[in-house]
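Visitor: Handing you this structure, nothing more for now.
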Amino acid sequence: MSHPRATLCAIAAAALLSACQTAPVQPTAPSTSAEEVGEFRKGSGYLNGYLDRKALPDSLALVPPPPPPGSARQAADLEMHQQTRNLRNTPRWEQAAKDVNLKFPEAAGVFSCALDMPISHEATPHLNMLLRRTLIDAGLATYKAKDHYKRQRPFAQLGESTCAPKEEAQLTKDGSYPSGHAALGWAWGLILAGAAPDKADALLQRAHAFGDSRMVCGVHWQSDLEAGRVVGAAAVARLQADPVFQAQAQLAKAEIAAARAKGLKSDRSDCAAEAAALKR
């Protein structure tokens, strides 16, 4: 699989360089056009979110400090990390490597098995756009705390390798707490559960596993994931007041209903393998 050349940490750093950014675009009606929405950073492939950056949740105010060295919570983090090392070179490790990728169109398929229908620009353009834009909203919301605490990641602290070797050089420069992947994964799960409440349990289980993949991979501590999910939920709460998000969420819900009426099922051939891998 291909790993993203620009992770959330690289995107957040680029946000400080105005010359490299396109101006945020907020269309008056939900759009499925990447060109109309605009890229967060030119050439990155990541689209502008729905929220103005000033409206993002304050992660530094929302989550407590990471566990201090020598604390019981830090010891629990280390114990959980050591347990996940047993998953190296297993199907769960391979799934964690797949969950690294935040690039679309591949990332659109993360919840396809749980939702039991295709998710793509072609099949469900509004649902696809909902995921693409909220990735930035939830992921960027973690950076106020990340940049403040600058917590070292497990693999860097312990001198280990990860399931995503191409990410390691960048991740050593990026704070571990809270987890951006866990934040956006949990946000995606909550948003999709609202659009398809009958699949809420499966969708939230997949969202939780998506965050856990970062611990399995060796790039996050368990407490990073827990804090990330708090920030992701806060981002979803903020999005409830955004009219463009709300309108696009309703259109996505209609797409789900239409796909079901047509009897469409997930177009992924590995749903059974994914389900087995996630039962670690």
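Heads up: the sequence shown runs through residues -25 to -1, 1 to 255, numbered per mature numbering (1 follows the signal peptide of the UniProt record, and there is no 0). The beta carbon of each residue, even a glycine, is placed where N, CA and C say it ideally should be. Note that the structure is a prediction, hence the values are computed from the model and not measured.
So the alpha helix (DSSP H) residue 111 belongs to, where does it begin and stop?
Guide: Sequence index remark: in the sequence shown, residue 111 carries index 136 (1-based). From DSSP, the alpha helix (DSSP H) with residue 111 extends over 100 to 115.
Visitor: Below 8 Å between beta carbons: does that hold for residue 158 and residue 120?
Guide: For the purposes of this step, residue 158 is taken as residue 183 along the sequence shown, with counting starting at 1. For the purposes of this step, residue 120 is taken as residue 145 along the sequence shown, with counting starting at 1. Against a cut-off of 8 Å, the Cβ pair of residue 120 and residue 158 comes out as no contact.
Visitor: According to DSSP, what are the bridge partners of residue 22?
Guide: Start at 1 with the first residue of the sequence shown, and residue 22 comes out as number 47. BP columns for residue 22 point to 14.
Visitor: Please state if the CB of residue 35 and the CB of residue 123 are separated by a distance shorter than 8 Å.
Guide: On the sequence shown, position 148 is the one that residue 123 refers to. On the sequence shown, position 60 is the one that residue 35 refers to. Yes, Cβ-Cβ distance for residue 123 and residue 35 is below 8 Å.
Visitor: Under 8 Å, do residue 26 and residue 12 count as touching if we go by C-beta distance?
Guide: Mapped onto the sequence shown, residue 26 falls at position 51. Mapped onto the sequence shown, residue 12 falls at position 37. No, Cβ-Cβ distance for residue 26 and residue 12 is not below 8 Å.
Visitor: Go ahead and pull the three-state DSSP assignment for residue 240.
Guide: Along the sequence shown, one-based indexing puts residue 240 at 265. Correct three-state label for residue 240: coil.
Visitor: Taking contact to mean 3 or more Cβ pairs, one atom from each stretch, closer than 8 Å, check whether the segment 137 to 152 and the segment 163 to 179 are in contact.
Guide: No contact exists between the segment 137 to 152 and the segment 163 to 179.
Visitor: Three or more C-beta pairs under 8 Å: does that hold for the segment 73 to 90 against the segment 52 to 65?
Guide: Judged by Cβ distances under 8 Å, the segment 73 to 90 makes no contact with the segment 52 to 65, as fewer than three pairs qualify.
Visitor: Helix, strand or coil, according to DSSP, for residue 149 in the structure here?
Guide: Here the question's residue 149 lines up with position 174 in the sequence shown. The answer is coil: DSSP assigns residue 149 none of H, G, I, E or B.
Visitor: In whole angstroms, give me the CA-to-CA distance for residue 68 and residue 136.
Guide: Sequence index remark: in the sequence shown, residue 68 carries index 93 (1-based). Sequence index remark: in the sequence shown, residue 136 carries index 161 (1-based). Answer to the nearest angstrom: the Cα atoms are 12 Å apart.
Visitor: Measure how close the beta-carbons of residue 111 and residue 102 come, nearest whole angstrom, since I'm counting them as under 8 Å.
Guide: Locating residue 111 in the sequence shown gives position 136, where the first residue counts as 1. Locating residue 102 in the sequence shown gives position 127, where the first residue counts as 1. That pair is no contact at about 17 Å.
Visitor: Classify residue 81 as buried or exposed, calling it buried when 16 or more other Cβ atoms lie within 10 Å of its own Cβ.
Guide: Working through the sequence shown from its first residue, we reach residue 81 at position 106. Burial call: exposed.
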